[in-house]
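Asks: I am attaching a structure below and will ask some questions about it afterwards.
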Amino acid sequence: MVPAAMWLALIGLILIGPVFGYAADATPRAAPLRPGGPPPVVALAPLPGRKIGGVDCVRISDLASRLGLQVSVRDRGKRASFTGPVGRTELERDAREATIDGLRVFLGDPVVEAGGHLYVSRIDAERCLTPLLRPGLGVKVPTAPRIVVLDPGHGGKDNGTSAHEKTYALDVARRAKKLLEDSGVRVVLTRDSDVFLDLPQRAAIANANRADLFVSIHFNALPRDTKTSGVEVFTFAPQFQRSTNSWSPRESDDTEREAAPVNRHDHWSAVLAHAVHRRFVVDLKTFDRGKKLAHWGVLRALSCPGVLIECGFLTSESESRKIGTVAYRQKLAEALAAGVRDYGITIEGPTRRPTYAPPDTRAP
Ligand SMILES: [Zn+2]
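Per this note's numbering: the sequence shown = residues 144 to 507.
Dropping the structure here:
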């Protein structure tokens with residue numbers, strides 16, 4: 144057993160470290176081993192809040208101090224940034240799109256202003272910003288992933304967006320499986336041939352294998368659009384939040400009142416999504432279409448953190464040409480495997496972060 148004093152010291156480091164501004168790691172190193180099991184959960188009192196437009200909101204300055212971050216507000220209260228060990232977070236009044244350390248992240252609700260202060264919804268504070276800015280704070284920390292389930296989308300009678308989607312998804316999954324197995328992780332594919340599986344079956348395979356995490360692999364398409372390209376990473380929308388796409392014109396609110404089983408893992412799904420997202424954007428230099436929320440049926444019943452990744456557009460002339468090559472699909476697999484490894488590093492040392500080059504956020 145680890146002495147209680149050591150855990151107290153660790154918790155102190157988590158909570159106090161950013162106040163003293165320890166520097167982000169400059170050199171890669173192996174994931175630290177965590178002796179004696181997970182640290183105890185630090186119980187957090189709910190942040191004070193107020194209802195704005197029917198949504199329970201918290202002041203961003205309260206959230207920043209909870210997370211140990213500096214906050215600055217500019218443009219007459221229109222924009223705010225958090226700065227701290229995980230880089231810079233940009234928030235904008237009336238916008239759902241945030242930027243976290245150079246990555247586009249869609250909140251479930253817009254940032255709002257009331258009484259001269261900026262607010263985010265409590266759900267975004269607790270299930271998006273806290274996991275991304277202070278992973279592990281206030282929640283049970285799982286063990287680093289030992290069993291990973293990769294889910295090549297579609298299959299059999301279900302081609303997906305085109306006849307290529309199911310084939311490429313399986314190819315990327317097989318390549319990522321090999322890479323992860325080489326680093327000592329057990330990997331299960333939901334399908335390893337061109338067979339049809341319905342969505343609940345895929346989550347059931349993950350649950351039956353006691354998966355530590357689940358990644359569903361897809362490719363995107365937009366009819367009559369040969370230009371749009373880039374990557375999107377999805378987590379299942381938290382209970383009482385809409386999907387990102389439901390905010391588009393002519394779409395309607397698709398909020399679900401019931402919690403899905405995977406909602407128990409919202410915190411770590413967000414951390415996993417961010418890790419995979421970063422690798423796709425940084426390592427592949429692909430256009431960043433953001434981390435989004437959706438009610439994907441394949442994620443709903445998971446009893447572990449899960450994400451769905453849209454690796455690129457098969458309708459994009461330039462991107463589909465790349466995706467059609469073995470070399471690029473290998474790179475997709477490498478980014479996925481690296482993202483999963485980064486997630487493990489984050490779990491092993493919640494005060495640490497994997498090292499990577501800063502993302503290039505310019506559009507292609
Ligand atoms: Zn698909």
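C-beta atoms are modelled at their ideal positions from N, C-alpha and C, and glycine is treated no differently.
Using only the alpha-carbon positions, how far apart do E235 and V263 sit?
Replies: Straight-line Cα distance between these residues: approximately 10 Å.
Asks: Go ahead and label D237 buried or exposed: buried means 16 or more other beta carbons lie within 10 angstroms of its beta carbon, across all protein chains shown.
Replies: When all chains shown are included, D237 counts as exposed.
Asks: In whole angstroms, what is the alpha-carbon distance linking G492 and R393?
Replies: G492 and R393: Cα-Cα distance of roughly 44 Å.
Asks: By how many angstroms is the C-alpha of K221 removed from the C-alpha of R317?
Replies: One C-alpha to the other measures close to 46 Å.
Asks: Taking DSSP as the reference, what is the three-state secondary structure of F377?
Replies: If DSSP states are grouped into helix, strand and coil, F377 belongs with the strands.
Asks: At a threshold of 6 Å, does G296 count as lining ligand 1 (C-beta to nearest heavy atom)?
Replies: Checking every heavy atom of ligand 1 against the Cβ of G296, one is found closer than 6 Å.
Asks: Roughly how many angstroms separate the alpha carbons of I490 and L280, rounded to a whole number?
Replies: Whole-angstrom Cα-Cα distance: 11 Å.
Asks: Is G455 a contact residue of ligand 1, with contact defined as CB to any heavy atom under 6 Å?
Replies: Result no, Cβ not under 6 Å from ligand 1.
Asks: State the beta-bridge partners of G213 as determined by DSSP.
Replies: The question names Gly, but residue 213 is Gln in the sequence shown. DSSP output for Q213 lists T226 as bridge partner(s).
Asks: Kindly indicate which three-state DSSP category K474 falls into: helix, strand or coil?
Replies: Of the three classes helix, strand and coil, the one that applies to K474 here is helix, per DSSP.
Asks: Which whole-angstrom value describes the C-beta separation of P274 and H410, a residue pair presumed to lie in contact below a C-beta threshold of 8 Å?
Replies: Yes, P274 and H410 are in contact; Cβ-Cβ is about 4 Å, under 8 Å.
Asks: Between which two residues does the alpha helix (DSSP H) carrying N350 extend?
Replies: First-last of the alpha helix (DSSP H) with N350: 342-351.
Asks: What residue does the beta strand (DSSP E) around E453 start on, and which one ends it?
Replies: Element bounds for E453: 449-456.
Asks: So is the beta-carbon of H361 under 6 Å away from any non-hydrogen atom of ligand 1?
Replies: Checking the Cβ of H361 against ligand 1 gives yes.
Asks: With S461 as the anchor, note down where its alpha helix (DSSP H) starts and where it stops.
Replies: Its alpha helix (DSSP H) spans residues 460-466.
Asks: Determine whether the beta carbon atoms of V292 and V328 lie at a separation below 7 Å.
Replies: No, they are not a contact pair.
Asks: Less than 6 Å between C-beta atoms, sequence neighbours within five positions excluded: which residues of the same chain meet that for R472?
Replies: Answer for R472: D314, V315, listed in chain order.
Asks: Along the alpha helix (DSSP H) that carries V198, what are the first and last residues, could you check?
Replies: V198 -> not in any alpha helix (DSSP H); beta strand (DSSP E) instead, spanning 198-202.
Asks: Excluding sequence positions up to five away, which residues of its chain have a Cβ less than 6 Å from the Cβ of R231?
Replies: Closer than 6 Å at Cβ, skipping near neighbours: S224.
Asks: Taking the beta strand (DSSP E) that R193 falls in, what are its first and last residues?
Replies: Start and end: 192-195.
Asks: With a 10 Å radius around its C-beta and 16 neighbouring C-beta atoms as the bar for buried, classify E460 as buried or exposed.
Replies: Classification of E460: exposed, given that the 10 Å Cβ count is below 16.
Asks: If contacts are defined as beta-carbon pairs under 8 Å, then I266 and N352 qualify, I think. What distance do you get, rounded to the angstrom?
Replies: Not confirmed; about 30 Å, so no contact.
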